[in-house]
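*Asks:* With positions in the sequence shown counted from 1, the corresponding number in my numbering is that position plus 21.
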Amino acid sequence: MLAGIPESQTAYSVEVSGWDNNEDFFVEKTELHWSEQSGKHILLLRPIASGALVFLRMLDDTAAFYDQRRRVKALEEQLLKDLEFHGIVGKSR
Numbered sequence: 022m023l024a025g026i027p028e029s030q031t032a033y034s035v036e037v038s039g040w041d042n043n044e045d046f047f048v049e050k051t052e053l054h055w056s057e058q059s060g061k062h063i064l065l066l067r068p069i070a071s072g073a074l075v076f077l078r079m080l081d082d083t084a085a086f087y088d089q090r091r092r093v094k095a096l097e098e099q100l101l102k103d104l105e106f107h108g109i110v111g112k113s114r
């Protein structure tokens, strides 16, 4: 466990990329720590400027789960639109 990170937080494996204080591009694997009390935090080896734009990509199965759930939801919405267009949904005899 990292110093200063309470055990009650959830940790996710992530990849962070962006530009550091020297304007050098970096890619670093680390953990995103998340709790209701303290919010979201990542610890990086490189110093970055306050307010810098960084990119974060989840690396574990959680990312795949949310991506799959989003795809299923989009497919369901499209199917409902198609069914409504063809007059199948909402008609009673």
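Think of the CB as a built atom: it goes at the ideal place given N, C-alpha and C, for glycine as much as any other residue.
#1: So, for Leu9: in the same chain, excluding its five sequence neighbours on each side, which residues have a beta-carbon less than 7 Å away from its beta-carbon?
#2: Using C-beta distances below 8 Å, list every residue in its chain close to Thr31, excluding the 5 sequence neighbours before and after it, in chain order.
#3: Expressed to the nearest angstrom, what Euclidean distance is found between the alpha-carbon atoms of Val75 and Ile63?
#4: Comparing alpha-carbon positions, which option in Lys61, Ile69, Gln89 lies nearest Phe46?
#5: The beta strand (DSSP E) with Ile60 in it runs from where to where?
#6: Throw me the rounded Cβ distance for the Val35 and Leu77 pair, which I believe falls under 8 Å.
#7: Less than 8 Å between C-beta atoms, sequence neighbours within five positions excluded: which residues of the same chain meet that for Lys61?
*Replies:* Looking at the atomic coordinates:
#1: Outside the modelled stretch of the chain, which goes from 22 to 114, sits residue 9, for which no answer is possible.
#2: The count along the sequence shown starts at 1 and reaches residue 31 at position 10. Cβ neighbours of Thr31 beyond the five flanking positions: His54, Trp55, Ser56.
#3: Your numbering for residue 75 matches position 54 in the sequence shown. Your numbering for residue 63 matches position 42 in the sequence shown. About 11 Å.
#4: Stepping through the sequence shown from its first residue, residue 46 is reached at position 25. For the options Lys61, Ile69, Gln89, the alpha carbon positioned closest to that of Phe46 is the one of Ile69.
#5: Here the question's residue 60 lines up with position 39 in the sequence shown. As written in the sequence, residue 60 is Gly, which differs from the Ile given in the question. Per DSSP, Gly60 belongs to the beta strand (DSSP E) from 60-63.
#6: If you number the sequence shown from 1, residue 35 lands on position 14. If you number the sequence shown from 1, residue 77 lands on position 56. For a cut-off of 8 Å, the C-beta gap from Val35 to Leu77 is around 5 Å, short enough to register as a contact.
#7: Counting from 1 along the sequence shown, the entry for residue 61 is found at position 40. Within the same chain, Lys61 has close Cβ partners Leu53, His54, Trp55.
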